[in-house]
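**Student:** Take a look at this one; I'll ask things after.
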Amino acid sequence: MILNVSDLSKTYRRRGREFNAVDHVEFFAWSGDFSVIFGESGSGKSTLLSLLSGIHRPTQGSIVFNGIDFSTLTDAELSTIRNENIGYIPQDAIFLPQYTVLENILLPLAIRDGKKLEVKNVSDLSDVEILSKLEMLGITHLVNEMPSELSGGELKRASIVRALVNKPDVVIADEPTSNLDEANGKNVFDLLDKISHSGTSVVVATHDARGFKYGNRLYTMHKGKLFPNGESDHGGL
Ligand SMILES: Nc1ncnc2c1ncn2[C@@H]1O[C@H](COP(=O)(O)OP(=O)(O)O)[C@@H](O)[C@H]1O
Ligand SMILES: [Mg+2]
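Residues in the sequence shown are numbered from 1469 upward in steps of one, following my numbering.
Here it is in structure tokens:
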């Protein structure tokens, strides 16, 4: 088992009142799983994914990833695991504005290897796996540009490739197709499907109905609670 989550809660305080954005969630995923979490806006999907990817710490409960309990790790240890083993695709792509898109994409590799960024131009890139992902998402011709020159959807696709460069054991994608057109949305699901078949565990939060087709484990989130589909009493999307 790659991810084993037990009794997970995240409590936020708003106007002096506490509420559980993630409420006693149980979740597990195996290598090669494609888990899809549906749920209305505000149901807690992004909060849950931020806990699974180690960005935020839970208020309660445990996350065991590859046999390691996150709560036993220092922030620095967790950062290393996040960079090398967890590919997180945030809802809104964040890029360093002073680097080209390609440099941003390659940054997790440079950090892992403790090296400076060497490849400046996509024509100098020899890693065929990264090249094929850029090609699959149709952004090869854009990555020499600065982030400010790209649209939101183009940056989103670039952030997906960036999340995959270190070949993580788990990929956690927060609405990866939210601002993409039909064809590009399909390409993203096809790429995630491909990497899940190569053994990576994929966890996606989405409103995209394609999730029903691609996912092998389907969930619905409602008011912080996670229901395996079929057990929820309020319907799918
Ligand atoms: N940092 C925060 N402080 C307080 N409330 C938050 C914070 N982040 C999210 N929330 C609230 O938690 C709930 C779940 O949000 P979120 O996880 O973003 O849901 P979703 O991704 O399903 O739209 C919402 O009510 C949201 O307003
Ligand atoms: Mg969200």
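Positions of the beta carbon are idealized from the N, C-alpha and C atoms, including for glycine.
If distances are taken between C-alpha atoms only, which option among Lys1583, Pro1526 and Leu1648 comes closest to isoleucine 1607?
**Tutor:** As a position in the sequence shown, residue 1607 is number 139, starting the count at 1. Out of Lys1583, Pro1526 and Leu1648, Leu1648 has the C-alpha closest to the C-alpha of isoleucine 1607.
**Student:** Please state the DSSP three-state secondary structure of serine 1594.
**Tutor:** What you label residue 1594 is simply residue 126 of the sequence shown in a count that begins at 1. Residue state, collapsed to three classes: coil.
**Student:** Does ligand 2 have a heavy atom nearer than 7 Å to the CB of glutamate 1643?
**Tutor:** Taking the first residue of the sequence shown as 1, we reach residue 1643 at position 175. At least one heavy atom of ligand 2 is nearer than 7 Å to the Cβ of glutamate 1643, so yes.
**Student:** Alpha carbon to alpha carbon, how far is aspartate 1560 from lysine 1691? Give it in angstroms, no decimals.
**Tutor:** Here residue 1691 refers to the residue found at position 223 when the sequence shown is read from its first residue. Here residue 1560 refers to the residue found at position 92 when the sequence shown is read from its first residue. Each residue's Cα considered, the two are about 22 Å apart.
**Student:** Any residue with its Cβ nearer than 5 Å to a heavy atom of ligand 1 should be included. What is that list in chain order?
**Tutor:** Taken from the N-terminal end onward, the list reads Tyr1480, Ala1489, Ser1509, Gly1510, Ser1511, Gly1512, Lys1513, Ser1514 and Thr1515.
**Student:** My guess is that proline 1576 and asparagine 1634 are in contact by the Cβ rule of under 8 Å, so how many angstroms apart are they, rounded?
**Tutor:** By 1-based counting over the sequence shown, the position of residue 1576 is 108. By 1-based counting over the sequence shown, the position of residue 1634 is 166. Correct: roughly 5 Å between the Cβ atoms.
**Student:** Taking one C-beta from the region 1521-1532 and one from the region 1682-1696 each time, how about it: are there three or more such pairs within less than 8 Å?
**Tutor:** Because the criterion of three Cβ pairs below 8 Å is not met, the region 1521-1532 and the region 1682-1696 do not touch.
**Student:** Using the rule of at least 16 other Cβ atoms within 10 Å of the residue's Cβ for burial, across every protein chain shown, is serine 1669 buried or exposed?
**Tutor:** Reading the sequence shown from its first residue, position 201 is the one you call residue 1669. The residue in question, serine 1669, is buried, as its Cβ has 16 or more Cβ neighbours within 10 Å.
**Student:** Express the C-alpha separation of lysine 1478 and serine 1499 in angstroms, rounding to a whole number.
**Tutor:** Here the question's residue 1499 lines up with position 31 in the sequence shown. Here the question's residue 1478 lines up with position 10 in the sequence shown. Distance between the alpha carbons of serine 1499 and lysine 1478 is about 25 Å.
**Student:** So serine 1518 packs on tyrosine 1687, CB below 8 Å; how close in whole Å?
**Tutor:** Here residue 1518 refers to the residue found at position 50 of the sequence shown. Here residue 1687 refers to the residue found at position 219 of the sequence shown. Incorrect: roughly 16 Å between the Cβ atoms, too far for contact.
**Student:** DSSP three-state label for aspartate 1674, please.
**Tutor:** For this step, residue 1674 is matched to residue 206 along the sequence shown. The amino acid occupying residue 1674 in the given sequence is threonine; aspartate does not appear at that position. DSSP places threonine 1674 in coil when its eight states are reduced to three.
**Student:** For glycine 1703, which residues in the same chain have their Cβ closer than 6 Å to its Cβ, ignoring the five residues on either side in sequence?
**Tutor:** Mapped onto the sequence shown, residue 1703 falls at position 235. In this predicted model, glycine 1703 has a pLDDT of only 43, less than 50, meaning its place in the structure is not dependable enough to derive any value.
**Student:** Out of Ser1539, Asn1697, Leu1516 and Ala1677, which one is the CA nearest neighbour of arginine 1685?
**Tutor:** Within the sequence shown, numbered from 1, the residue matching residue 1685 stands at position 217. Minimum Cα distance to arginine 1685 is reached at Asn1697.
**Student:** What's the C-alpha gap between leucine 1705 and histidine 1665?
**Tutor:** Taking the sequence shown and counting its residues from 1, the one referred to as residue 1705 is at position 237. Taking the sequence shown and counting its residues from 1, the one referred to as residue 1665 is at position 197. Since pLDDT at leucine 1705 reaches only 43, below the 50 mark, its modelled position is unreliable, and the value read off the structure follows with that caveat. Taking the straight line from one Cα to the other gives about 26 Å.
**Student:** Express the C-alpha separation of valine 1493 and tyrosine 1480 in angstroms, rounding to a whole number.
**Tutor:** Indexing the sequence shown from 1 puts residue 1480 at position 12. Indexing the sequence shown from 1 puts residue 1493 at position 25. Tyrosine 1480 and valine 1493: Cα-Cα distance of roughly 15 Å.
**Student:** When the Cα of glutamine 1413 is compared with those of Tyr1556, Pro1615 and Gly1582, which residue comes out closest?
**Tutor:** Because the chain here runs from 1469 to 1705, residue 1413 falls outside it and cannot be looked at.
**Student:** Identify the residues that DSSP records as bridge partners of phenylalanine 1502: which are they?
**Tutor:** Position 34 of the sequence shown, counting from 1, holds the residue named residue 1502. Beta-bridge pairing links phenylalanine 1502 to Val1670.
**Student:** Closer than 7 Å to a non-hydrogen atom of ligand 2 - does that hold for the CB of glutamine 1559?
**Tutor:** One-based indexing of the sequence shown puts residue 1559 at position 91. For ligand 2, at least one heavy atom lies less than 7 Å from the Cβ of glutamine 1559.
**Student:** Grab me the residues of lysine 1662's own chain with a C-beta within less than 6 Å of its C-beta, minus the 5 sequence neighbours each way, in chain order.
**Tutor:** Along the sequence shown, read from residue 1 onward, the residue named residue 1662 stands at position 194. If we look at lysine 1662 and ignore the five residues flanking it on each side, it has no Cβ neighbours.
**Student:** When the distance is taken between beta carbons, is leucine 1610 closer than 8 Å to glutamate 1622?
**Tutor:** Within the sequence shown, numbered from 1, the residue matching residue 1622 stands at position 154. Within the sequence shown, numbered from 1, the residue matching residue 1610 stands at position 142. A contact, by the Cβ cut-off of 8 Å.
**Student:** So, are the CB atoms of phenylalanine 1506 and threonine 1645 less than 8 Å apart?
**Tutor:** The count along the sequence shown starts at 1 and reaches residue 1506 at position 38. The count along the sequence shown starts at 1 and reaches residue 1645 at position 177. Contact flag unset, no.
**Student:** Which stretch, first to last residue, makes up the beta strand (DSSP E) that contains threonine 1645?
**Tutor:** Along the sequence shown, one-based indexing puts residue 1645 at 177. It is not in any beta strand (DSSP E) - threonine 1645 carries neither H nor E in the DSSP assignment.
**Student:** Spatial neighbours of leucine 1585 within its chain, please: CB distance less than 8 Å, with the 5 preceding and 5 following residues excluded, ordered by chain position.
**Tutor:** As a working mapping, residue 1585 is identified with position 117 in the sequence shown. Only Tyr1567, Glu1571, Leu1574, Leu1575 and Ala1578 meet the Cβ criterion.
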